[in-house]
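Data block below; observations after.
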Amino acid sequence: MKTFEKKLRQSASQHLDGKPAVTQGHVGWESPSNIAIVKYWGKYPGQVPANASLSMTLRESVTRTMIDFDFSEKRKKPGVDFEFHGAAHQGFARRIEKYLTGLSGFMPWISHTKFTIRSENTFPHSSGIASSASAMSALAACLCEIDEQMFGKDPAIEFEQKASFFARLGSGSAARSIYGRMAEWGITASCGDSSDEYAIPLPELHPDFFGLKDSILIITTGEKEVSSSLGHDLMRSNPYAKLRFEAAEENMQRLCNVMRNGDLGQFIDIMENEALSLHAMMMTSSPGYLLMKPGTLEAISRIRKFRAQTGLAIGFTLDAGANVHIIYPGQQEAAITNFIASDLEELCEEKTIIHDGMGMGPRKL
Ligand code: DP6
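Heads up, the working numbering is the position in the sequence shown plus 14, with the first residue counted as 1.
Here it is, written out as structure tokens:
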């Protein structure tokens, strides 16, 4: 068993027979999505990433989750009522119930609790913004807070580490959303304290990276043809997987240096290489698939041309979808938003662009 997992189980076993200090209450957390610069793509059982990843935490694209909880010893399994934007959602409720059941070994009170959950996102569904990252990190933060209200704080366990651990079990990328600015998840030689079990805030970040912007071109809002979970699975038989995991580690090492010394040119170079490598893995999986659309390619080509012409620090990254994240320093906002409006807006579905940027992580409501 992994180290932190063991610590959490030991901590839980201390209050197995104890009664919670409170049995009913209300908690709320807001948590952001994130955009990976070095991508997590491929995993082992137990949500163990095949390579370390690094992401920028967003500011505007958040999930707000409120939970009313009701503990009763008579109850033997968790109960979930779930509303998304005010409407009951059975599908999400069942998924959360399954997730909560999986966590009851760490927080045995979960099995005796009824959860009434209300959740909303500030960004449109299917916008290509990772809603599982914001949703699972908000939920994990809520659970950690209920745990503390019921049994007090264990001084040996940090709230964020625990929240990141639980968020990871819901969705790998959610582990990183627990920290502001930039977060790293997965064991890498570039970061001494790194872990596969939870994310950590990037230890050193050059101030030139503070306030990075992310303008997201919504090329399409259609459902993805291949889900991320299937994409991760297909890496198991991808003939290039081993090379990809090695390249990701090399990129992590280069990027961590760059994040310390503030070299924006190198940052863009690594970021774009990661985005294209991610999509190369999709194309070389069996069956192979393409999530980029003609608009994605056109946007990339225009961004690169604009960069060559102006010398501005502007680069792109892609998630597992067709939409394009344009990353640039806040100081260049005026020039770049003008370019986006004049040259890229026409490539977007209903001219939709979401302007976001670096955020400071989850917030208690
Ligand atoms: C392309 O975190 O969505 O966004 O762990 O199965 O929930 P699960 O996968 P998920 O995968 C994210 C993939 C990615 C890259 C990244 O965010 O690092």
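Every residue gets a Cβ at the ideal spot worked out from N, C-alpha and C, and that includes glycine.
Since the model is a prediction, treat every value here as computed from it, not as a measurement.
Output the boundary residues of the beta strand (DSSP E) element that contains residue i.
i	result
Met306	Premise fails: Met306 is in no beta strand (DSSP E) and is neither H nor E.
Leu332	329-332
Ala213	213-215
Glu134	127-135
Thr71	67-85
Met196	196-199
Ser118	Note, Ser118: premise wrong, no beta strand (DSSP E); not H, not E.
Asp357	No beta strand (DSSP E) contains Asp357, which DSSP labels as neither H nor E.
Phe98	93-98
Ile341	338-342
Tell me where the alpha helix (DSSP H) around residue i begins and ends.
i	result
His293	278-297
Ile350	347-353
Lys88	Segment: none, Lys88 is in no alpha helix (DSSP H) and carries neither H nor E.
Arg274	255-275
Ala189	Careful: Ala189 lies outside any alpha helix (DSSP H) and carries neither H nor E.
In three-state terms, what does DSSP make of residue i?
i	result
Asn48	strand
Thr17	helix
Cys205	strand
Gln38	strand
Asp210	coil
Val240	coil
Gly371	strand
Glu218	coil
Gly166	coil
Ile230	strand
Lys53	coil
Arg378	The question names Arg, yet the displayed sequence has Lys at residue 378. Three-state DSSP puts Lys378 in a strand.
Ala64	coil
Ala144	coil
Beta-carbon of residue i versus every beta-carbon of chain B: anything under 8 Å?
i	result
Arg195	This model lacks chain B altogether; it includes just one protein chain.
Next on the checklist: So, does the region 31-41 touch the region 155-173, judging by three or more C-beta pairs under 8 Å?
Outcome noted: yes
Next on the checklist: Tell me whether the region 59-76 and the region 128-138 touch, counting them as touching only if at least three CB pairs, one residue from each stretch, are closer than 8 Å.
Outcome noted: yes
Next on the checklist: With three or more beta-carbon pairs closer than 8 Å as the criterion, would you say the region 214-225 touches the region 360-369?
Outcome noted: no
Next on the checklist: Does the region 306-317 come into contact with the region 325-333, if we say contact requires no fewer than three beta-carbon pairs (one atom in each stretch) closer than 8 Å?
Outcome noted: yes
Item to check | Meets three-Cβ-pair contact criterion under 8 Å: the region 81-90 and the region 121-128 | outcome: yes
Item to check | Contact between the region 363-372 and the region 250-261 (3+ Cβ pairs under 8 Å) | outcome: no
Checklist entry - Does the region 178-190 come within contact of the region 223-238, defined as at least 3 CB pairs closer than 8 Å? => result Under the 8 Å Cβ criterion, the region 178-190 does not count as touching the region 223-238, having fewer than three qualifying pairs.
Checklist entry - Any chance the region 110-124 sits against the region 60-69, with 3 or more Cβ pairs inside 8 Å? => result no
Item to check | Inter-stretch contact at 8 Å, needing at least 3 Cβ pairs: the region 47-58 / the region 281-289 | outcome: yes
Item to check | the region 284-292 contacting the region 262-276, beta-carbon criterion three pairs below 8 Å | outcome: yes
Checklist entry - Just checking, does the region 222-237 make contact with the region 333-352 on the three C-beta pairs under 8 Å criterion? => result yes
Next on the checklist: Quick test of the definition: if touching needs 3 or more C-beta pairs under 8 Å, does the region 187-198 touch the region 143-160?
Outcome noted: yes
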